[in-house]
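Engineer: Numbering (this note's numbering), first residue to last: 946 to 1441.
Beta carbons: idealized from backbone N, C-alpha and C, even for Gly.
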Amino acid sequence: GINAEYGASFKNHQRELRGGSMPKTRMTGLDLSAVVAEMRGCLGMRVANVYDLGPKMYLLKLAVPDRPKAYILMDSGVRMHMTSFMRDKADTPNNFCAKLRKHIRTKRLEDVRQFGVDRVVDLTFGGGEAENHLIVELYGMGNIILTDGAYTIINVLRQHAPEQEHVRSVGDVYDTQQNIRHHHPATQERLQAMVQEAVTRDGTLKHMLGSTTVYGNAVITHCLAPISIRTNAKISALVEEHGGVAELVDVLLPCLLEADEIVNETTGKVSKGFITLRPNKHAGVEGAPAMVYDEFLPYLYRQYEQAEVAEFGSFGAAIDDFFAKIEAQKIESQKFAQQADAVARVEKVRAAQNKQLAQLESVAALNERKAMLIELNHELVDNAILVVTSYLAQGISWDQLWQLIQDEQSRGNPLAKIIQRVNFGENEIQLLLKEPYYVNETQDEDEVVNESEDEEGGEVGSQGLVVDIDISMTSFANARNKYTCLLYTSPSPRDS
């Protein structure tokens, strides 16, 4: 039967492929096949040291006389490749790193192999009773497992919960055959069986190839491009369109044979590496490059022939440079985002300060107008203060005082009319004051009107301006008090 169990693996692979403008961040099974061939060039070298670069990232330093040192970077669940970039190391190794040093340091790297075409690599160190295996899992959340020669687990980077599949516990034997996917070359008989089963299940071409092969989305897209076939079309519809199962198989088989060639080219030998580039959304900002890295490839697929591409001598070198630049791009993006946030914060503070400054200027101008009106109406203000204090001295309450003022206002008393309110709590009265000698330019020069400015700075005609008057002070003392407030509320020259 067809390997239907590959369906879940294919869906996981699809989710890991880049989407939109996000750069590719994980390696596929074929990517790993390409770098394993390069890592096999380190066979015979001894482990000089092991470093932890983070909670999930470790670096193996390999050395042998008369050969340059080599470094293998292992990022659990993400990537594994040779590296030439130096990174910051922890001053003190963590517990897992210390365990690795204890068991594999000074041992010779004897073998590097991939489990089928899965994202699992087995590094063998030493031989005989001293043999150890370091197994790096790049699927899911990833893991790094240290075992002895019989694959009995000595230590594990990430402990699995008991209810999870493929539990990794110290003392257990690592299952090297767990759902391992292998590449099966395409044949006419196998493809015909795949098509017939897909018709029965009413599946699409994309799902059929993804669930029964190990090519991956990029290889499938590359190989199907020349025949312009719809990958999302139902197999049943394609069979009808091509006139039968055999006819559809004849169309698809050359594509899958080409896919087999690509798999063979990227497996077992060092291949070139490619990185596609895309426009930088921060282009134009000082220091930002016009193009940034987007995806690393072990083969230049047709769908990328029109894209801008950087070529490297090996796929491992491409991945190494890709992630080094991606790390730098992330830092740059964070820097630009922080700069934008800082500018926004500064603008927000500036807007708040400008608003506060405008309010202070408004209050200062109002205090200045009030002081001026008190001075211009000082006799009227002093008379109002005298009348109010005289009544209060007679022992009447503030409520009675306000009633008397209202009675006088109804009788037309001009002094009572300018008293707008009495405030017992503040020992104040509020007077409606006007400019006594304001000349309206629209009238004759000799005609005098009582007009002033309102609190907004505009003319109010006969409305005047309400001014708070402290009855414990004279009119000039009240004016001086307003000017004093002006000094505290007026913005200094350096603020303007």
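Just verifying my parser: in three-state terms, what is the DSSP assignment at D1120?
Structural biologist: If DSSP states are grouped into helix, strand and coil, D1120 belongs with coil.
Engineer: Rounded to whole angstroms, what is the Cα-Cα separation between K1014 and A1008?
Structural biologist: Computed Cα separation, rounded: 5 Å.
Engineer: Under a Cβ-count criterion, where at least 16 other Cβ atoms within 10 Å of its own Cβ denotes burial, should M1153 be classed as buried or exposed?
Structural biologist: Answer is buried; the Cβ neighbour count reaches 16.
Engineer: Measuring only the C-alpha atoms, how far is D976 from G1085?
Structural biologist: Each residue's Cα considered, the two are about 16 Å apart.
Engineer: Am I right that T1069 and Y1096 are in contact with their C-beta atoms under 8 Å? What's the rounded C-beta distance?
Structural biologist: That pair is no contact at about 11 Å.
Engineer: Give the straight-line distance between the Cα atoms of D1011 and S1156, rounded to the nearest whole angstrom.
Structural biologist: Their Cα atoms are separated by approximately 47 Å.
Engineer: Around the C-beta of T1092, are 16 or more other C-beta atoms found within 10 angstroms, so that it is buried, or is it exposed?
Structural biologist: That one is buried.
Engineer: Evaluate contact between the region 1251-1261 and the region 1300-1309, counting only Cβ atoms and requiring at least three cross-stretch pairs below 8 Å.
Structural biologist: Verdict: no, contact absent.
Engineer: State whether the region 1413-1423 contacts the region 1308-1324, with contact taken as three or more CB pairs (one from each stretch) at a distance under 8 Å.
Structural biologist: The region 1413-1423 is in contact with the region 1308-1324.
Engineer: Helix or strand or just coil, what does DSSP make of A1143?
Structural biologist: If DSSP states are grouped into helix, strand and coil, A1143 belongs with the helices.
Engineer: On the CB-based measure, 16 or more other CB atoms within 10 Å of its CB, does Q1284 come out buried or exposed?
Structural biologist: By the neighbour-count rule (16 or more Cβ atoms within 10 Å), Q1284 is not buried but exposed.
Engineer: When you compare each of F1041, A1204, F1281 to A1449 by their alpha carbons, which one comes out closest?
Structural biologist: The displayed coordinates of the chain run from 946 to 1441. Any statement about residue 1449 would go beyond what the structure contains.
Engineer: Could you check if E1292 is buried or exposed, using at least 16 other CB atoms within 10 Å of its CB as the buried criterion?
Structural biologist: Answer is exposed; the Cβ neighbour count stays below 16.
Engineer: Could you give the C-beta distance for L1193 and L1183, rounded to a whole number, given that I count them as a contact under 8 Å?
Structural biologist: That pair is a contact at about 6 Å.
Engineer: Opposite Q1059 in the DSSP bridges: which residues?
Structural biologist: Answer is V1066.
Engineer: Starting from the C-beta of E1203, find all residues in its chain whose C-beta is less than 7 Å away, skip the five residues before and the five after it, and write them out in chain order.
Structural biologist: Closer than 7 Å at Cβ, skipping near neighbours: C1168.
Engineer: Could you tell me which residues DSSP puts in a beta bridge with A1296?
Structural biologist: Beta-bridge pairing links A1296 to no other residue.
Engineer: How big is the Cα-Cα spacing for V1405 and L1378?
Structural biologist: Reliability of the predicted coordinates at V1405 is poor, the pLDDT of 39 falling under 50, and the value obtained from them is presented with this limitation in mind. Using only the alpha carbons, I get a separation of about 12 Å.
Engineer: Looking at the structure shown, is E1398 part of a helix, part of a strand, or coil, going by DSSP?
Structural biologist: Residue placement at E1398 is poorly supported in this model, since its pLDDT is 40, which falls under 50; the coordinates still yield a value, given next. Looking at E1398 - three-state DSSP - the assignment turns out to be strand.
Engineer: According to DSSP, simplified to helix, strand and coil, what is F1268?
Structural biologist: Three-state DSSP puts F1268 in a helix.
Engineer: Which runs of the beta strand (DSSP E) fall wholly inside the region 1194-1247 and span at least 3 residues, in chain order?
Structural biologist: Listed in chain order, they are 1218-1224, 1236-1242.
Engineer: Just tell me which of G1357, S1355, T1334 has its CA closest to the CA of L1346.
Structural biologist: It is T1334 whose Cα lies nearest to the Cα of L1346.
Engineer: Between the Cα of V1367 and the Cα atoms of G1357, W1343, E1380, N1299, which residue gives the shortest distance?
Structural biologist: Out of G1357, W1343, E1380, N1299, W1343 has the C-alpha closest to the C-alpha of V1367.
Engineer: State the Cα-Cα distance for the pair R1064 and M972, rounded to the nearest angstrom.
Structural biologist: The straight-line gap from Cα to Cα measures roughly 8 Å.
Engineer: Inspect the beta-carbon positions of I1207 and V1164 and report whether they are closer than 7 Å.
Structural biologist: Going by C-beta atoms, I1207 is nearer than 7 Å to V1164.
Engineer: Kindly list the residues whose CB is nearer than 7 Å to the CB of A1361, restricted to its own chain and excluding five residues on each side of it in sequence; keep chain order.
Structural biologist: Excluding sequence neighbours, A1361 sits near I1350, E1353, Q1354.
Engineer: So C1042 and V995 are in contact, right, with Cβ under 8 Å, and what is the actual spacing, rounded?
Structural biologist: Rounded, the Cβ-Cβ distance is 6 Å, consistent with contact.
Engineer: Mind checking which residues open and close the beta strand (DSSP E) that includes F1257?
Structural biologist: That run of the beta strand (DSSP E) goes 1254-1257.
Engineer: Pop quiz: N1266 and M1027 are said to be a contact at Cβ under 8 Å. What is the actual Cβ separation, rounded to whole angstroms?
Structural biologist: Contrary to the premise, residue 1266 reads as Asp rather than Asn in this sequence. D1266 to M1027, Cβ: 11 Å. No contact.
Engineer: On the CB-based measure, 16 or more other CB atoms within 10 Å of its CB, does L1054 come out buried or exposed?
Structural biologist: Buried.
Engineer: Looking at the structure shown, is M984 part of a helix, part of a strand, or coil, going by DSSP?
Structural biologist: Three-state result, M984: helix.
Engineer: Shortest alpha-carbon distance to P1381 belongs to which of V1326, A1131, Q1133?
Structural biologist: With distances taken between Cα atoms, P1381 lies closest to V1326.
Engineer: Tell me the DSSP secondary structure of E1324 in three-state form.
Structural biologist: If DSSP states are grouped into helix, strand and coil, E1324 belongs with the helices.
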